[in-house]
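Heads up: the structure comes next, in structure tokens.
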Amino acid sequence: MSITDGLFHRANDLCRRRAYEQWQRRQSKQQILRSQVGFRDRPSNRPSPCQGCANYHGIAYGTSRARRSTLVCAIHPQGWQGTGACADWREERVVDGREVDRD
């Protein structure tokens, strides 16, 4: 590794650390603000048929905020479109704050 590679590596590492510290500071401020205003917990963005379902995924994928799409679950990627309860609904079990598989 040359001297310039080492310098670039250190500079990139410092920038990454600074960005993480700024992100952490913003998260801290947001949490303080939420607690002062009375919004401690974020409201659930789960669709109502997915409440309590073990198959729920709910992570948004995409290269930019405008192009992201949320993967609701592997069985129904856009969410349950039928009427009534989802036919593939499975109870979510949580033990000591961790999700436990029933099988």
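Here this note's numbering = 1-based position in the sequence shown + 203.
Positions of the beta carbon are idealized from the N, C-alpha and C atoms, including for glycine.
By a C-beta neighbour count over all protein chains shown, 10 Å radius and 16 as the cutoff for buried, is residue i buried or exposed?
i, result
"Pro-252", "buried"
"Trp-283", "buried"
"Val-275", "buried"
"Tyr-259", "buried"
"Cys-218", "exposed"
"His-212", "exposed"
Just curious, the alpha helix (DSSP H) that residue i is in, first and last residue?
i, result
"His-279", "Element bounds for His-279: n/a, residue is neither H nor E."
"Glu-224", "206-240"
Start and end of the beta strand (DSSP E) containing residue i?
i, result
"Ala-263", "259-264"
Which of helix, strand or coil does DSSP assign to residue i?
i, result
"Arg-271", "coil"
"Cys-289", "coil"
In terms of alpha-carbon separation, which member of the options lies closest to residue i?
i, options, result
"Gly-287", "Ser-238, Ala-277 and Pro-250", "Pro-250"
"Ala-257", "Arg-213, Gln-225, Ala-290 and Asp-216", "Ala-290"
"Arg-293", "Gln-281, Gln-254 and Gly-285", "Gln-254"
"Gln-281", "Ile-262, Arg-221 and Ala-222", "Ile-262"
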